[in-house]
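Numbering (my numbering), first residue to last: 265 to 687. Backbone N, C-alpha and C fix where the C-beta goes; we use that ideal spot for every residue, glycine too.
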């Protein structure tokens, strides 16, 4: 069937507009504006197909001719005298340590440039483990904002000027304070000792952005040792944590993770002994440790002390020891506390209770629980203690009071920024 419908492009075609009829004769509805590129006098040139092909062919030929020009060769030479132990394209690995976390590392380098960080499997403490902070630390080496030299009032200076100003300032100062974080380097400690010997009016004050001073002070009161113990999670069949995210951020998470997973194997060993530990976690906010615990009990921060006293009293009852006075039990977690106390008592000497709150009272209760259970010297090692954290809250508060009273004449901050990160 023949289609008799007729269509128009618009009213101009329907009405036979003269301008439309004239434009319809052109091959292109719109003229190619090639003349605008070739000359500044618009409208004087009309480009037909032949001219277009000529110009197009010339452009292609010009590009081809330009490619025939031999570009100069620029060589990148990483070494003037190449070390014998380095072959271009083959990475080298060097043993190192992250001073912020204390983790033993292996650094992958290419032509002397660090590109990757991994854990050192030969480390007896970390056993090849590595944290996210350690992985990301390599980016600091390529930070465009890194200082290239000393500055005074935000302007570039030199070390000679810095030394002169420091010598002048310190020579006339009666009270000098050197503020830093925890320092483990023997060389740095020796330098600080020499500094305080030369300037007897100087004192070294340490602090931590996240303070662990309560653990240190509680151990000093309980055992006469102002240290952070070496916790042995791999030797504990039952673990009870109170707001201690030891798998994520608490003290030495890489070390503790390696220990914790050692006893988290489903099934039994060849001799039939169980290898799956039991983990209770009492905490206020969900943490990495809490999400991996067998039983997680959410508690209010204000209820932590009550929960610890309740746990102590139930363990003390099983041991026949004197109980502590308590404002009461945690109603919604009484059964959990009882179960935790029972399992702790059944694993005396092979259990562990830890607390991450910077509260001396709570830490003293934890020490008492571990003592009743016989964990001191086994899962709580006070002889092989941790040096990763330090700081002295009382000394720093005294320093702040001295600043407010104007008693300090000069302060040197060593890799520290308490105005930003001190709570």
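{"Query": "What residue range does the beta strand (DSSP E) around residue 545 cover?", "Result": "542–547"}
{"Query": "So what does residue 440 bridge to, in DSSP terms?", "Result": "466 and 674"}
{"Query": "Taking only the alpha-carbon atoms, compute the straight-line gap between residue 680 and residue 652 and give it to the nearest angstrom.", "Result": "16 Å"}
{"Query": "Fully enclosed by the segment 625–676, which beta strand (DSSP E) runs are 3 residues long or longer?", "Result": "644–650"}
{"Query": "Within the chosen definition, does the segment 433–449 reach the segment 465–474 through at least 3 CB pairs nearer than 8 Å?", "Result": "yes"}
{"Query": "Are residue 568 and residue 507 close, meaning C-beta to C-beta below 8 Å?", "Result": "yes"}
{"Query": "Mind checking residue 332: buried by the 16 CB within 10 Å criterion, or exposed?", "Result": "exposed"}
{"Query": "With a cut-off of 8 Å on the beta carbons, I'd call residue 657 and residue 527 a contact; round off their distance for me.", "Result": "About 34 Å; that fails the 8 Å criterion."}
{"Query": "Measuring alpha carbon to alpha carbon, tell me which residue in 670, 616, 614 and 524 is nearest residue 393.", "Result": "524"}
{"Query": "Given a threshold of 16 other Cβ atoms within 10 Å of its Cβ, counted over all protein chains shown, does residue 605 qualify as buried or as exposed?", "Result": "buried"}
{"Query": "So for residue 505, helix, strand or coil by DSSP?", "Result": "strand"}
{"Query": "How far does the alpha helix (DSSP H) with residue 282 in it reach, from first residue to last?", "Result": "282–288"}
{"Query": "On the DSSP letters alone, give me the boundaries of the alpha helix (DSSP H) that residue 574 sits inside.", "Result": "568–583"}
{"Query": "From 374, 416, 364 and 407, pick the residue whose C-alpha is nearest to that of residue 395; which is it?", "Result": "364"}
{"Query": "Residues in the same chain with beta-carbon distance under 7 Å from residue 492, minus the five sequence neighbours each way, listed in chain order, please.", "Result": "476, 479, 480, 515, 649, 650 and 653"}
{"Query": "Are residue 372 and residue 357 touching if we call contact CB-CB under 8 Å?", "Result": "yes"}
{"Query": "When you compare each of 631, 518 and 611 to residue 387 by their alpha carbons, which one comes out closest?", "Result": "518"}
{"Query": "Straight-line CA distance for residue 642 to residue 362?", "Result": "28 Å"}
{"Query": "Which residues in the same chain have their Cβ closer than 8 Å to the Cβ of residue 602, if we skip the five residues on either side of it in sequence?", "Result": "578"}
{"Query": "Taking Cβ positions, are residue 434 and residue 440 nearer each other than 8 Å?", "Result": "yes"}
{"Query": "Could you tell me if residue 521 is buried or exposed, where buried requires 16 or more neighbouring beta carbons within 10 angstroms of its beta carbon?", "Result": "buried"}
{"Query": "Taking the continuous alpha helix (DSSP H) assigned at residue 447, which residues delimit it?", "Result": "Counting along the chain, residue 447 falls outside any alpha helix (DSSP H), and DSSP gives it neither H nor E."}
{"Query": "Whole angstroms are fine: how far does the CA of residue 359 sit from the CA of residue 542?", "Result": "36 Å"}
{"Query": "Can you give the Cα-Cα distance for residue 406 and residue 400, rounded to whole angstroms?", "Result": "11 Å"}
{"Query": "Is the CB-CB distance between residue 688 and residue 512 below 8 Å?", "Result": "With the chain covering 265 to 687 only, the question about residue 688 has no answer from this structure."}
{"Query": "From the DSSP output, in three-state form, read off residue 366 for me.", "Result": "coil"}
{"Query": "For residue 361, list the residues DSSP reports as bridge partners.", "Result": "368"}
{"Query": "DSSP beta-bridge partners for residue 383?", "Result": "369"}
{"Query": "Does DSSP classify residue 491 as helix, strand or coil?", "Result": "coil"}
{"Query": "With DSSP collapsed to three states, give me the class of residue 539.", "Result": "strand"}
{"Query": "Count the other CB atoms, across all protein chains shown, that sit within 10 Å of the CB of residue 576; report buried if there are 16 or more and exposed otherwise.", "Result": "buried"}
{"Query": "Just mark residue 485 as buried or exposed, buried being the case when its beta carbon has 16 or more other beta carbons within 10 Å.", "Result": "exposed"}
{"Query": "In or out: residue 566 buried (at least 16 other Cβ within 10 Å) or exposed?", "Result": "exposed"}
{"Query": "For residue 586, which option in 612, 560 and 632 has the closest C-alpha, if you only look at C-alpha atoms?", "Result": "632"}
{"Query": "Helix, strand or coil: how does DSSP classify residue 435 here?", "Result": "helix"}
{"Query": "Starting from residue 618, follow the beta strand (DSSP E) in both directions and report where the run begins and ends.", "Result": "615–619"}
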